[in-house]
Amino acid sequence: MSLCSRCLRKSLHLRLRPHPRIISAPLSYKASPSSTAQDILSKPTWSVSSLLPSQSHAEHAESPETITPAQLHHLLRLSALPLPKSSAEEQSMIETLQSQLQFARAVQRVDTTGVEPLRAIRDETEAAIKENTIGLDDLKDTLAKEALVGHYQRPRRVKEQIQSEDENWDALGTASRKAGKYFVVESGKKAEAGEP
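Numbering (my numbering), first residue to last: 2 to 197.
Here is the structure:
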């Protein structure tokens, strides 16, 4: 699995910053026995940090996917990133990459049977669906521009006749010589010979 340069850069920057600890405390008031959204969301049941390797796990256990320095250098060259300047920086990059791979593998192991794939991110509330629905009232202007044609009364769009003042100018008005509706232009060879 390859990482894009932006993801790799971001992970390296995040690795250098200390991570804040998230501590959750129970709410101080008693809610009704019925489960509401606030009750459900107030008690965390899962955390992303459970998918990341802990420090003790990283020190004692070897990762199933070890990344060699050669692989790291290859990935850095592919993403046009600078190579590490020291072995400590290289080791830090390898640890970050291994933790990201472990996280990606954990996300891939999630059972998605019976879950319909998300086709687009959009507002699916009733108001948004009603706003995006095209009804007969929206089409009245378009339908008014159609006429029924033929034996089977097929609807055809009526072409609008656009009359512009720019199209009504006399193109031949400035011509010195004209023949019917055409300009008359003297040939260059006759003019050189002295003929009119």
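Even for Gly, the Cβ is constructed at its ideal location relative to N, Cα and C.
Between the beta-carbon of Lys-146 and that of Arg-158 there is about 6 Å, and that keeps the pair under the 8 Å contact cut. In this chain, the alpha helix (DSSP H) harbouring Leu-42 covers 38 to 43.
For Arg-106, the uninterrupted alpha helix (DSSP H) segment begins and ends at 88 to 109. For Ala-107, the closest of Gly-136, Ser-51 and Ile-41 by C-alpha to C-alpha distance is Ser-51. With a 10 Å radius around the Cβ and a threshold of 16 neighbouring Cβ atoms, Gln-109 comes out exposed. Distance from the Cα of Ala-176 is smallest, within the candidate group Trp-170, Phe-184 and Asn-169, for Phe-184. Taking one beta carbon from each stretch, the stretch 130 to 147 and the stretch 66 to 77 have fewer than 3 pairs nearer than 8 Å; the two do not touch.
Taken in chain order, the complete beta strand (DSSP E) segments of 3 residues or longer contained in the stretch 153 to 192 are 155 to 158.
Collapsing the DSSP output to three states places Glu-127 in a helix. Only residues of its own chain outside the window of five on either side were considered, and among them none has a CB closer than 6 Å to the CB of Thr-143. Annotated three-state conformation of Val-49 is helix, per DSSP.
Judged by DSSP in its simplified three-state form, Leu-140 adopts helix.
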